[in-house]
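**Student:** Protein chains in written order, with the working numbering: chain A, 42 to 296; chain B, 42 to 296.
Ideal placement from N, C-alpha and C gives every residue a C-beta, glycine not left out.
Just so we're clear, the structure is a prediction, and the values are computed from it rather than from any experiment.
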DNA sequence: CCACGAACTTCCACTGAGCGGAAGAGGCTG
DNA sequence: CAGCCTCTTCCGCTCAGTGGAAGTTCGTGG
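1) Which first and last residues belong to the beta strand (DSSP E) in which residue 244 (chain B) is found?
2) Looking only at its own chain, which residues have a Cβ that is under 6 Å from the Cβ of residue 182 (chain A), when we skip the five neighbours before and after it?
3) Just curious, the alpha helix (DSSP H) that residue 179 (chain A) is in, first and last residue?
4) State yes or no: is the C-beta of residue 111 (chain B) within less than 8 Å of the C-beta of residue 119 (chain B)?
5) Looking at chain B, is there any beta carbon in it that lies within less than 8 Å of the beta carbon of residue 136 (chain A)?
6) For a minimum of 4 consecutive residues, which ranges assigned as the alpha helix (DSSP H) are wholly contained in the stretch 185-218 of chain B?
7) Using only CA atoms, which one of A:228, A:271 and A:221 lies nearest to residue 244 (chain A)?
8) Only counting the same chain, and skipping five residues up and downstream in sequence, which positions put a Cβ closer than 7 Å to that of residue 214 (chain A)?
9) Given that residue 90 (chain A) touches chain B, what residues does it touch there, using C-beta distances under 8 Å?
10) Report yes if the CB atom of residue 57 (chain B) is closer than 8 Å to the CB atom of residue 87 (chain B), and no otherwise.
11) With 9 Å as the C-beta to C-beta threshold (strictly closer), list the residues of the stretch 122-148 of chain B near chain A in chain order.
12) Are the C-beta atoms of residue 293 (chain B) and some chain A residue less than 8 Å apart?
13) Could you check what DSSP says for residue 135 (chain B) in three-state terms: helix, strand or coil?
14) Pick from A:186, A:284, A:294 and A:257: whose alpha carbon is nearest that of residue 234 (chain A)?
15) Looking at chain A, is there any beta carbon in it that lies within less than 8 Å of the beta carbon of residue 264 (chain B)?
16) Pick out whichever of A:224, A:221 and A:109 has its Cα sitting closest to the Cα of residue 91 (chain A).
17) Would residue 158 (chain A) and residue 173 (chain A) qualify as a contact pair, given that the criterion is a beta-carbon distance under 8 Å?
18) Taking 8 Å as the CB-CB limit, is residue 78 (chain A) close to chain B?
19) Residue 281 (chain B) to residue 85 (chain B), Cα distance in whole Å?
20) Let's see if you can read the secondary structure: which residues bound the alpha helix (DSSP H) around residue 112 (chain B)?
21) Please list, in chain order, all residues of the same chain as residue 43 (chain A) whose beta carbon is under 7 Å from its beta carbon, the five residues on each side excluded.
22) Could you compute how far the alpha carbon of residue 121 (chain A) sits from the alpha carbon of residue 114 (chain B)?
23) So, does the CB of residue 74 (chain A) fall closer than 8 Å to a CB anywhere in chain B?
24) List the whole-angstrom C-beta distance separating residue 74 (chain A) from residue 62 (chain A), where the pair is believed to meet the contact cut-off of C-beta under 8 Å.
25) Would you give the residue range spanned by the beta strand (DSSP E) that residue 161 (chain B) belongs to?
26) Please list the partners that residue 103 (chain A) has in chain B, where partner means a Cβ-to-Cβ separation under 9 Å.
27) In three-state terms, what does DSSP make of residue 43 (chain A)?
28) Along the alpha helix (DSSP H) that carries residue 234 (chain B), what are the first and last residues, could you check?
29) At a Cβ threshold of 8 Å, is residue 341 (chain A) touching chain B?
30) Decide if residue 131 (chain A) is buried, meaning its Cβ has at least 16 other Cβ atoms within 10 Å, or exposed.
31) My output table needs one value for residue 126 (chain B): the three-state DSSP class, helix, strand or coil.
32) What residue from B:296, B:66, B:190 and B:116 has the CA that sits closest to residue 226 (chain B)'s CA?
33) Residue 68 (chain A): buried (16+ other C-beta within 10 angstroms of its C-beta) or exposed?
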């Protein structure tokens, strides 16, 4: 007997990665069976890999049997460029902005067709506006996203503005209007949103550019009321953004 | 012909993990050869694994040929418990403490015989006191460390205080004195250090406990001058620590 | 201009690590 | 206690993984 029928062309490495890929923001704790299902692998195979990952410290298992990402993988993730350089440099500036405005501050880079939130600062008092470090939100519905879009290659802009997702009743979904808006962001040097991503949230954002000129990230503020003077915060953001750009290693890319 | 002589007993998974393990705080960018050397694998083997990791997005290669940790792994690391729950809950409180004191704030958990810094807040103006998120420092030479030690199992305390490393001229290295100090920390509810880890740095820290009673983390402040009134900051820390403890999911552990 | 070395990439035939169906163990529920 | 679920262990077949070696690219210095 002894069963076998190894699915061909699948490397062990990719199986390991499939296990890691089974975890995401909405599924940060999984049972063995869930991991097997979500990674598309037989239970026995998943079991073996998970056990090895746990032994190494990449996964941890809690009393209830569920697995979560372990410290070892957290350590490794911490070494990523996005995290290390940008966060380290930007963190004090985010604090400056937060201290003078008392509003939620966001730091994001472009990741494909999404804005990837690298860091954020929230008041305990302020309503949770969503978004945590690591979150990915659509480019066309967020202020940081529009800023990043304004500096992105033409094909990215086209792809992002083709059939844009409607997130709230206020989300702008007409490609034409979005193209015009992105052009205006490029001209004016900042972007705004009004409840386009989250009901009850208004925001502005500015680009973070290297001294050389390349835009590498975006810095934004989110407030919970339709303040007309939101634009007045733009200079605050710009000072911080310039500071961050200057302190980044020359030639830095978020890749 | 074709050479071979596969080293036995080494799983592919462990080879993948060895590649990841080649990266650390001091080596966040490595060339292929370095990865091969540091992970103890033949060049050709490392090459294959690295290529697969890169394809998945776990590693990125920059123009100069060096590899770094990629976004995909950053994402995964972001899902770790230490990161997610603790950071999310504690972040606003760290900001509160920072706003009222204007000093460097640290959040740490115990990881074996080290204090693992999960988050920190620094002024741009303040001298960089060392430590970034992800750093591991000895338990006996830091305030957060002493706090964590005060609540640790007996064998951990013994192991940590046996032959303690001398970091600065002020580091306390007599096991007896350290044991007494740890007992006092337990009694008093907070710990201090005076240039024991970094010359020119003084600190206090308090435990973060769950409503149930278990200490899960430590919150500390570092200042750059030997202020006598450092102890006056303890109540500020305690208020924040209580708040964090209350908001953590019941039964939370940093594992 | 070419020789030399170092870092990287590709190739390929052998073989043991990995595979997964199946059976067993434990636990919860109706 | 039968039924169902999740987890763990077992084992013989086989193909994915292996690593020495050859080829490629690049930089250096003679």
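**Tutor:** Taking the structure as given:
1) Counting along the chain, the beta strand (DSSP E) containing residue 244 (chain B) begins and ends at 243-250.
2) 208, 212, 237 and 238
3) No alpha helix (DSSP H) holds residue 179 (chain A); the beta strand (DSSP E) holding it covers 177-179.
4) A distance of 8 Å or more separates the beta carbons of residue 111 (chain B) and residue 119 (chain B).
5) yes
6) Every alpha helix (DSSP H) of 4 residues or more that sits fully in the stretch 185-218 of chain B is shown, in chain order, as 195-202.
7) For the options A:228, A:271 and A:221, the alpha carbon positioned closest to that of residue 244 (chain A) is the one of A:271.
8) Non-local beta-carbon contacts of residue 214 (chain A) in its own chain, meaning distances under 7 Å to residues more than five positions away in sequence, involve 205 and 207 in chain order.
9) 54
10) No, the Cβ-Cβ distance between residue 57 (chain B) and residue 87 (chain B) is not below 8 Å.
11) 122, 123, 124, 125, 128, 129, 132, 133, 134, 136, 137, 139 and 140
12) no
13) In the three-state reduction of the DSSP assignment, residue 135 (chain B) falls in the helix class.
14) A:186
15) no
16) A:109
17) yes
18) no
19) 52 Å
20) Counting along the chain, the alpha helix (DSSP H) containing residue 112 (chain B) begins and ends at 112-119.
21) Caution is warranted here: a pLDDT of 41 is assigned to residue 43 (chain A), below 50, making its placement in the model unreliable, and the coordinate value is therefore given only provisionally. There are no such residues.
22) When rounded, the distance between both Cα atoms is 8 Å.
23) Residue 74 (chain A) does not count as touching chain B.
24) Actually they do not touch by this definition, with Cβ atoms about 16 Å apart.
25) Run containing residue 161 (chain B): 155-162, per the beta strand (DSSP E) assignment.
26) 122, 294 and 296
27) Because residue 43 (chain A) sits at a pLDDT of 41, beneath the cut-off of 50, its placement in the model cannot be relied upon, and the point is left open.
28) No alpha helix (DSSP H) holds residue 234 (chain B); the beta strand (DSSP E) holding it covers 232-235.
29) In the structure as shown, chain A starts at 42 and stops at 296, and residue 341 (chain A) therefore has no counterpart that could be examined.
30) buried
31) helix
32) B:190
33) exposed
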